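So that you can map any letter, position 73 of the sequence shown is 187 in our numbering, and since no number is skipped, the others follow by simple counting.
Note that beta-carbon positions come from the ideal geometry of N, C-alpha and C, so glycine has one too.
These numbers were taken from a predicted model, which means no experiment stands behind them.
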Amino acid sequence: MRRASYFLSVVIIVLSMVGCSKTLPDAYGIYADTNHGQTLILGQTVRVAGNMLSPIPGLTGPSGFECGSLKDFVVYKKGVNPDAVGLVRLNFVRETQISGIFGSNELKINLWLPKNQIDIEVKPIEEKQDMYLVIPQKPLDEGFYGLYIGSFGGDMGIGGIVYDVVIGSAADYPSYATAAKSIEAQFKDNASALLIRMNELIDKKDYAHLEEVYRPGGNSLSGTALQEYVDGNQTWIGSAGKIINSEIVSVSPSDDGQSARCLVKTTYEKVGVQDETLTIRKIEDRYFLTEVK
């Protein structure tokens, strides 16, 4: 009986030793222990929006490091105060109120800002000078996180390095520039397809199906409004000639990402190339042209 108890104690001790064993880095840096193993995080410089009275430090987007899950961090740097280590979850902010000399005003910032402070435990690692283990008190959900030392953005929000990590896909947390390009491309592709279809309907004088692509002001053309459009369009086509081609030159999405203004160069059989503008809007789950000039 004693032998069995002794054997069980040895097993528990061995398992505990195995569970506590941890690979420690040899070179200085910030490391993340993830489902992919231990990886060095290079981090990125904090960007600052706002003004001297109200500096707003944030990140443009992920630096590229992503994982499926994260257990802890290893901070291996000289002169680190354990109390100065922080971990935050980041959230994208398009605009916010800031204070200025003449009062407060709304300012577009388009940065990822600290949203929630994550509770962490910072423990020195025995026999490893300058090395600390940073452990989140609760498992981290999918999201965009930043580990920092001192303050997020440094003094007055200027400079500073944040060691960012995405749990999940970094593509889900794009920079404003990346997201804007994606939205612009989406509007351009849809506007091009709608223009092709609209030109086909006009060429065939099939105005009965025009509402599939064109809804001025977001409403379907019908009755007197439809007849007025048909009369005006036929008069213009009669003088300008058939539409040979329509090319979208530029796309300017709205701030809410629900519509876009497009500059179009349309080539007509008789009058040649004409500069035109159109508005494309997403209505429920479909796109429509809502204005054509």
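Query, Result
"Could you check how far apart the C-beta atoms of C181 and V279 are, in whole angstroms? I think they sit under 8 angstroms.", "7 angstroms"
"What are the start and end residues of the alpha helix (DSSP H) that includes R311?", "290-318"
"Pull up the distance between the alpha-carbon of A339 and that of S213, whole angstroms please.", "49 angstroms"
"Where do the N-terminal and C-terminal ends of the alpha helix (DSSP H) with S364 fall, by residue?", "Per DSSP, S364 belongs to no alpha helix (DSSP H); it is in the beta strand (DSSP E), 357-367."
"Can you give me the C-alpha to C-alpha distance between Q152 and A299, rounded to a whole angstrom?", "37 angstroms"
"Let's test the definition: count the other Cβ atoms within 10 Å of the Cβ of P253 and tell me whether it reaches 16, buried, or not, exposed.", "exposed"
"Please specify which runs of the beta strand (DSSP E), each continuous and at least 3 residues long, are wholly inside the region 222-294, giving them in chain order.", "234-238, 245-250, 257-263, 275-281"
"Taking V194 as part of the beta strand (DSSP E), name the residues at either end of that continuous run.", "No beta strand (DSSP E) holds V194; DSSP gives it neither H nor E."
"In three-state DSSP terms, what is G352?", "helix"
"Using the Cα positions of T210 and S218, report the straight-line distance between them to the nearest angstrom.", "10 angstroms"
"Just to confirm my understanding: we take G264, look at its own chain, exclude 5 residues before and 5 after, and list those with CB closer than 6 angstroms. What are they?", "A198"
"At the level of alpha carbons, what is the spacing between L154 and I144?", "6 angstroms"
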